[in-house]
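Okay, so here's the structure we're looking at.
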Amino acid sequence: MDVHCSSCGEPWDVYHLRHDAIFETDLDPTEAEVWRGLSLTERLSSRYREKFKVAGYEFGASILNVIHCPGFPKGAKPDPDKAALKAGIVEILGDDEDGIAATMEDFGL
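Residue 571 is where the sequence shown ends in our numbering, and the numbering goes up by one at each step.
Right under this line is the structure:
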């Protein structure tokens with residue numbers, strides 16, 4: 463399943479975001495493995511958000527809500543309608559990452 467960047471529309475594989483994107487940061491492999499075992503909330507703590515930001519990622523309230531990705535054009539801003547829809551989906555579905563991914567994919571978000 464794919465979800466899309468709110469800024470450029472780039473599709474991102476859900477598995478990659480949930481399991482592999484952390485290895486694109488400057489964390490050593492052991493720390494990245496620890497991240498994979500954290501709760502959904504802990505995965506997006508300010509420390510990890512900063513690590514992802516340096517790697518080019520910015521997420522909303524879920525790792526599946528990609529606001530900016532490494533491929534977004536310089537100066538691109540998120541589409542406000544898509545960003546609002548995605549935030550609402552995450553808010554409604556909470557920790558149900560499979561539901562979030564399926565809903566976003568169904569709507570091309």
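We put the CB at the ideal spot given by N, CA and C, even for glycine.
query, result
"Taking its Cβ as the centre, do 16 or more other Cβ atoms sit within 10 Å of S507, making it buried, or is it exposed?", "exposed"
"Is the separation between the beta-carbon of A563 and that of G522 shorter than 8 Å?", "no"
"Would you be able to state if there are at least three C-beta pairs under 8 Å between the stretch 494-508 and the stretch 536-545?", "no"
"From what residue to what residue does the alpha helix (DSSP H) around P535 run?", "No alpha helix (DSSP H) holds P535; DSSP gives it neither H nor E."
"Do H481 and P473 come within 8 Å of each other at the CB atom, strictly closer than that value?", "no"
"Would you mind giving the Cβ-Cβ distance between P532 and A545, rounded to the nearest angstrom? I have them listed as a contact below 8 Å.", "About 18 Å separates the two Cβ atoms, so there is no contact after all."
"According to DSSP, is I525 helix, strand or coil?", "coil"
"Helix, strand or coil for D475 per DSSP?", "strand"
"Exposed or buried, L500, counting other C-beta atoms within 10 Å across all chains shown (16 or more means buried)?", "exposed"
"Assuming M414 contacts E559 (C-beta within less than 8 Å), just tell me the rounded distance between them.", "Here the chain comprises residues numbered 463 to 571, so residue 414 is not present and cannot be evaluated."
"With burial defined as no fewer than 16 other Cβ atoms inside 10 Å of the residue's Cβ, what is the status of V552: buried or exposed?", "buried"
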